[in-house]
Structures are given as structure tokens and as C-alpha cells.
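*Asks:* Once you've had a glance at the structure underneath, I'll fire off some questions.
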Amino acid sequence: MQKKGELNPCPFCGGLDLIVHELIYPDDAEGAAVGALAAHWEVMCRYCGCKGPEGNPRREVAIELWNKRRKPGDIYRTRHAGLWEVTKTGKHKRLV
Ligand SMILES: [Zn+2]
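Its first residue numbered 1321, the sequence shown is counted upward by one per residue in my numbering.
Here it is in C-alpha cells:
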């Protein structure tokens, strides 16, 4: 179960109605046994439907990445492609 205060509010709507869930799906990796299942964890906002980065093998990793998400208005620099801003809709727009 989710501990109180474990997750930052949704970066888009400020919502606190967040769930951490495990997605289970057929494992299609090369060499996987027939009928094998794979799983990953993600955080989702139940209010606006936005999700944290997918593909996390562990619950703690999904939570950590969610808490580090960039929010609208954040400006950041990438190593090779200049300066970017996160817009109100959550898109990443290149500034320079
Ligand atoms: Zn939200």
C-alpha cells in the first residue's frame, strides 16, 4: 500500500489521487518461456490520467521517477540539444 506523503502531487493538475500499480503483460522478450509474464510499475494520476515514466522493474523506482518529474514551467538544459521548457500541457518545447 501507498504510504502517506510518499508521492509528490501530480505535476500537471496538483492531484493527490495517485495510484502506484503493477502492469502485468505477456513476456515477449527473446527466449522467454511460452506463457511467461513480465511486469513493470508505474504511477498514475486518477484525476487527469497522466502517468509517470513506464517500464520500471521495481515499485520504488517508479515512485522515485514520479517524484523527479519535471513540471510545467520548468526549464532545463540537455547535454546536446540546448534549452527546453515544459509547457502547460506537459509538452517539451525547445527554446534555444
Ligand atoms: Zn493529474
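By construction, the Cβ of each residue, glycine as well, lies at the ideal position given by its N, Cα and C atoms.
Measuring straight from C-alpha to C-alpha, what distance separates His-1341 and Gly-1369?
*Replies:* Looking at the two C-alpha atoms, the distance is approximately 13 Å.
*Asks:* Cutting at 7 Å between CB atoms, please list the residues of its own chain near Leu-1327, excluding the five before and the five after it.
*Replies:* Leu-1338, Val-1363, Ile-1383, Trp-1386, Asn-1387.
*Asks:* Output needed for Arg-1430: all residues of its chain with C-beta closer than 8 Å, excluding positions within five of it in sequence on either side, in chain order.
*Replies:* Given a span of 1321 to 1416 for the chain in the structure shown, any question on residue 1430 remains unanswerable.
*Asks:* Going by the DSSP bridge assignment, what does Trp-1386 pair with across the sheet?
*Replies:* Its beta-bridge partners do not exist; DSSP assigns none.
*Asks:* Which of the three DSSP states, helix, strand or coil, is assigned to Arg-1399?
*Replies:* The answer is coil: DSSP assigns Arg-1399 none of H, G, I, E or B.
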